[in-house]
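Asker: Mind having a look at this structure? Questions to follow.
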Amino acid sequence: MTIVGYSSKICKRQRRFAPTLATFIPEQVATFPPECMATFSGIRSVVLHASTQYTLDATIRVFQYPTSLVSAHFIVGKEGRVFQTVPLERRAWHAGTSQLDGETDVNNFSVGIELVNLNDGIDPYPDLQYEAVARLIFQLRQRYQIPDGRIVSHGQIALPPGRKSDPIGFDFERLYMLLNSFSVATLR
Ligand SMILES: [Zn+2]
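Taking my numbering, the leading residue of the sequence shown gets 161, the next gets one more, and so forth.
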């Protein structure tokens with residue numbers, strides 16, 4: 161598929177934020193109804209998901225269906241490619257009914273990251289994917305307060321408990337270790 165360039169002010173801010181990490185996809189192709197944007201109260205957590213799609217392109221296509229009513233800020237492919245489909249100033253639709261640390265509706269205060277993975281417990285998360293998601297979150301942490309304990313799985317926050325399982329098999333301890341091994345110099 162063709163990834164189209166994007167030239168709004170929002171996109172320029174995004175590019176400054178992560179110039180080498182993410183390719184920005186035009187926001188009009190991602191599904192996030194305008195009425196929900198006003199409730200976005202800033203970023204205080206990260207929710208990781210498994211896309212249940214085979215490929216990065218298939219995952220992006222799901223977000224492009226106007227009727228899918230799902231979106232996430234970032235998609236991380238198995239080979240470490242990162243795409244952004246929703247600006248960080250906007251609320252994405254990824255968590256559904258949810259709660260974190262006693263606060264409901266986690267979409268209001270989280271970045272959603274979709275990892276390309278079938279979520280069957282067998283499909284692996286390659287090293288390059290771990291590295292890419294860790295670098296992405298490391299960069300987010302340069303701007304937002306997101307402690308390890310608030311980098312969570314969809315399964316962990318979904319209500320009622322058990323409604324979601326993703327990302328099955330993703331090793332959060334490994335992610336925290338990678339994250340905390342980075343320094344700003346690492347990314348230069
Ligand atoms: Zn999910």
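Don't be surprised by glycine CBs; every beta carbon is placed ideally from N, CA and C.
If you pair each beta-carbon of the stretch 228-238 with each one of the stretch 268-281, do three or more pairs fall below 8 Å?
Answerer: A contact exists between the stretch 228-238 and the stretch 268-281.
Asker: For His254, write down the residues that DSSP places opposite it in a beta bridge.
Answerer: Beta-bridge pairing links His254 to no other residue.
Asker: What number of angstroms, rounded off, separates the C-alpha of Asn340 from the C-alpha of Tyr225?
Answerer: Looking at the two C-alpha atoms, the distance is approximately 37 Å.
Asker: Got a list of residues with beta-carbon closer than 7 Å to any non-hydrogen atom of ligand 1, in chain order?
Answerer: Going along the chain, the residues that qualify are His209, Ala210, His254, His314, Lys324 and Asp326.
Asker: Can you tell which of Tyr290, Leu338 and Ile306 has the C-alpha that lies nearest to the C-alpha of Pro327?
Answerer: Of the listed residues, the one whose Cα sits closest to Pro327 is Tyr290.
Asker: Hey, would you say Phe243 sits closer than 8 Å to Leu296, going by beta carbons?
Answerer: Not in contact: Phe243 and Leu296 (Cβ atoms no closer than 8 Å).
Asker: Hey, which unbroken runs of the beta strand (DSSP E) at 3 residues or more fall wholly within the stretch 287-324?
Answerer: Listed in chain order, the complete beta strand (DSSP E) runs (minimum 3 residues) inside the stretch 287-324 are 311-313.
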